[in-house]
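Taking our numbering, the leading residue of the sequence shown gets 1, the next gets one more, and so forth.
Reading through the structure tokens given below for one structure.
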Amino acid sequence: MVEFGEQLKRAREAKGMTQQSLAEQLYVTRQTVSRWENGNRYPDLLTTKKMSQVLEISMDDLLSEKELNKVVERNSVIENPFINNIMIALYAFIVLSLAVTVLDIIIRFPFQSDAIDFSDIQVIVINIVGLMMQIVTFTCGLISAVKGTLSPKRMGMVAVAFFASICLTDSNALFRSTSWQLFSVSFMIILPNILGAISSYQFFVKANEQNVFRIIIYMASSWGILRLVITNYYMIRYAGQFVSMNNALSILLKISIYILLIYQAYTLKNKRNRVFSTEEKS
Numbered sequence: 001m002v003e004f005g006e007q008l009k010r011a012r013e014a015k016g017m018t019q020q021s022l023a024e025q026l027y028v029t030r031q032t033v034s035r036w037e038n039g040n041r042y043p044d045l046l047t048t049k050k051m052s053q054v055l056e057i058s059m060d061d062l063l064s065e066k067e068l069n070k071v072v073e074r075n076s077v078i079e080n081p082f083i084n085n086i087m088i089a090l091y092a093f094i095v096l097s098l099a100v101t102v103l104d105i106i107i108r109f110p111f112q113s114d115a116i117d118f119s120d121i122q123v124i125v126i127n128i129v130g131l132m133m134q135i136v137t138f139t140c141g142l143i144s145a146v147k148g149t150l151s152p153k154r155m156g157m158v159a160v161a162f163f164a165s166i167c168l169t170d171s172n173a174l175f176r177s178t179s180w181q182l183f184s185v186s187f188m189i190i191l192p193n194i195l196g197a198i199s200s201y202q203f204f205v206k207a208n209e210q211n212v213f214r215i216i217i218y219m220a221s222s223w224g225i226l227r228l229v230i231t232n233y234y235m236i237r238y239a240g241q242f243v244s245m246n247n248a249l250s251i252l253l254k255i256s257i258y259i260l261l262i263y264q265a266y267t268l269k270n271k272r273n274r275v276f277s278t279e280e281k282s
């Protein structure tokens, strides 16, 4: 079976094109085309489609079944430049907001030290650790998104770490729960995030095609959004608390993260389905 790089080189030379001329039509560098032909890299699906049009060769002739899978699993989940830029901006905002939140907690801590006990300190430490996990996670995601290398595996690790950090911060409720509340708190708060982390690993990282993992990601993310809305509604309605601008931004930020996870899982599923359809046709 002819490999992608060799097939690309043959098709390019058959059209009488140089690497530079092909690169110009695909809006990439000559070095990128050279890497493709050497088998070091694979183009994304949009570029492959454009390439097949320029070289007047079908995608099936350019890429084998195995290589089609590599295109999906090695390239960025989000290939649309506009949506990718939105994701970059969201990631940057997430990292900045989380860093400001941690800094705010650290600055205010000395002024509250006389009014808090050991359990309060334990809660604060857990919150800071959870927030730091999210900062590191989304910083890695931001760097990958900027480079255009946020592959399913990397996206999966971001999702796993995010759900894990939510589990950690939500575990604060366990320390404040009575024994009869323990099971309900674990089930309603922590369990969905544990399932979300496991499913994200299986779906994104392990490329497990079972629909149950994708559906659990949808459900865990939707539950996270619903819980945020319900919790803050009850705080306003029954506890008489008002949502400050900072809290409102924090809520909007978390909802955006959950929506982003749902969108990325949906996009990756569609990309894998297109590959599967191509394999069946061949």
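We treat Cβ as the ideally placed atom computed from N, Cα and C, and that holds for glycine.
Next item on the list: On a CA-only basis, which of L249, W223, L150 and I126 is nearest T169? Give me that one, please.
Entry: For this step, residue 169 is matched to residue 169 along the sequence shown. Looking at the Cα atoms, I126 is the closest of the given residues.
Check: Where does R41 sit, in a helix, a strand or coil, going by DSSP?
Finding: Counted from its first residue, the sequence shown places residue 41 at position 41. Of the three classes helix, strand and coil, the one that applies to R41 here is coil, per DSSP.
Check: Using the rule of at least 16 other Cβ atoms within 10 Å of the residue's Cβ for burial, across every protein chain shown, is Y42 buried or exposed?
Finding: For the purposes of this step, residue 42 is taken as the residue at position 42 of the sequence shown. Its Cβ being crowded by 16 or more others within 10 Å, Y42 is buried.
Checklist line | C-alpha distance - A265 paired with L68, whole-angstrom precision | finding: If you number the sequence shown from 1, residue 265 lands on position 265. If you number the sequence shown from 1, residue 68 lands on position 68. The C-alpha of A265 lies about 18 Å from the C-alpha of L68.
Checklist line | Extent of the continuous alpha helix (DSSP H) to which S58 belongs | finding: Your numbering for residue 58 matches position 58 in the sequence shown. From DSSP, S58 is part of no alpha helix (DSSP H); its letter is neither H nor E.
Item checked: V229: first and last residue of the uninterrupted alpha helix (DSSP H) it sits in -> Your numbering for residue 229 matches position 229 in the sequence shown. Per DSSP, the continuous alpha helix (DSSP H) segment holding V229 begins and ends at N211 to R237.
Item checked: F138 to V71 span [Cα, whole Å] -> Residue numbering aside, residue 138 sits at position 138 when the sequence shown is read from its first letter. Residue numbering aside, residue 71 sits at position 71 when the sequence shown is read from its first letter. Each residue's alpha carbon lies about 24 Å from the other.
Notebook entry, point to check: What are the start and end residues of the alpha helix (DSSP H) that includes I194?
Noted result: Counting from 1 along the sequence shown, the entry for residue 194 is found at position 194. Where I194 is concerned, the enclosing alpha helix (DSSP H) stretches over L191 to S200.
Checklist line | Same chain, Cβ closer than 6 Å to S165, neighbours up to 5 away in sequence not counted | finding: Along the sequence shown, read from residue 1 onward, the residue named residue 165 stands at position 165. The beta carbon of S165 lies closer than 6 Å to those of G130, M133 and Q134 in the same chain, with the five residues before and after it left out.
Check: Any idea what DSSP makes of L150, helix, strand or coil?
Finding: As a first step, residue 150 is located in the sequence shown; it is residue number 150 there, counting from the start. Coil.
Check: A207 by DSSP, collapsed to three states: which one?
Finding: In the sequence shown, residue 207 corresponds to position 207, counting from 1. Of the three classes helix, strand and coil, the one that applies to A207 here is coil, per DSSP.
Note to self: Just to confirm my understanding: we take T149, look at its own chain, exclude 5 residues before and 5 after, and list those with CB closer than 7 Å. What are they?
What the structure shows: Your numbering for residue 149 matches position 149 in the sequence shown. Same-chain partners within the cutoff: S76.
Checklist line | Under 8 Å between C-beta atoms of G26 and Y91 | finding: On the sequence shown, position 26 is the one that residue 26 refers to. On the sequence shown, position 91 is the one that residue 91 refers to. Looking at the sequence itself, residue 26 is Leu, so the reference to Gly does not match. No, Cβ-Cβ distance for L26 and Y91 is not below 8 Å.
Next item on the list: Quick one: grab the DSSP three-state call for N127.
Entry: Translated into positions along the sequence shown, residue 127 becomes position 127. For N127, the secondary structure class from DSSP, reduced to helix, strand or coil, is helix.
Next item on the list: Give a yes or no on whether the C-beta atoms belonging to L55 and K15 are separated by under 8 Å.
Entry: The residue given as residue 55 occupies position 55 in the sequence shown. The residue given as residue 15 occupies position 15 in the sequence shown. Contact: yes.
Checklist line | Heavy atom of the ligand MN within 7 Å of I166 beta-carbon | finding: This structure simply doesn't include the ligand MN, nor any ligand for that matter.
Checklist line | Own chain, CB closer than 6 Å to V158, minus 5 neighbours either side, in chain order | finding: The residue labelled residue 158 in the question sits at position 158 within the sequence shown. Contacts found: T137 and G141.
Note to self: Taking the alpha carbon of V123 as the reference point, which residue from A207, P192, Q53 and S171 has its own alpha carbon closest?
What the structure shows: Start at 1 with the first residue of the sequence shown, and residue 123 comes out as number 123. Answer by Cα proximity: S171.
Next item on the list: Classify M188 as buried or exposed, calling it buried when 16 or more other Cβ atoms lie within 10 Å of its own Cβ.
Entry: Position 188 of the sequence shown holds residue 188. Counting Cβ neighbours within 10 Å, M188 comes out exposed, since fewer than 16 surround it.
Notebook entry, point to check: Any idea what DSSP makes of Y27, helix, strand or coil?
Noted result: Sequence index remark: in the sequence shown, residue 27 carries index 27 (1-based). Here Y27 sits in coil by DSSP.
Note to self: For K50 and N232, I'd like the C-alpha separation in whole angstroms.
What the structure shows: Here residue 50 corresponds to residue number 50 of the sequence shown, with the count starting at 1. Here residue 232 corresponds to residue number 232 of the sequence shown, with the count starting at 1. Approximately 48 Å between the Cα atoms of the pair.
Item checked: Member of M235, E13, V28 and T101 whose CA lies at the smallest distance from the CA of S250 -> One-based indexing of the sequence shown puts residue 250 at position 250. For the residues M235, E13, V28 and T101, the minimum Cα distance to S250 belongs to T101.
Check: Which of the three DSSP states, helix, strand or coil, is assigned to S144?
Finding: Numbered from its first residue, the sequence shown carries residue 144 at position 144. Here S144 sits in helix by DSSP.
Notebook entry, point to check: How big is the Cα-Cα spacing for E3 and S64?
Noted result: Looking up residue 3 in the sequence shown gives position 3. Looking up residue 64 in the sequence shown gives position 64. A direct Cα-Cα distance of roughly 8 Å separates E3 from S64.
Notebook entry, point to check: So, is A89 buried or exposed, given that buried needs 16 or more other C-beta atoms within 10 angstroms?
Noted result: Counting from one through the sequence shown, the residue named residue 89 turns up at place 89. Exposed, because fewer than 16 other Cβ atoms sit within 10 Å of the Cβ of A89.
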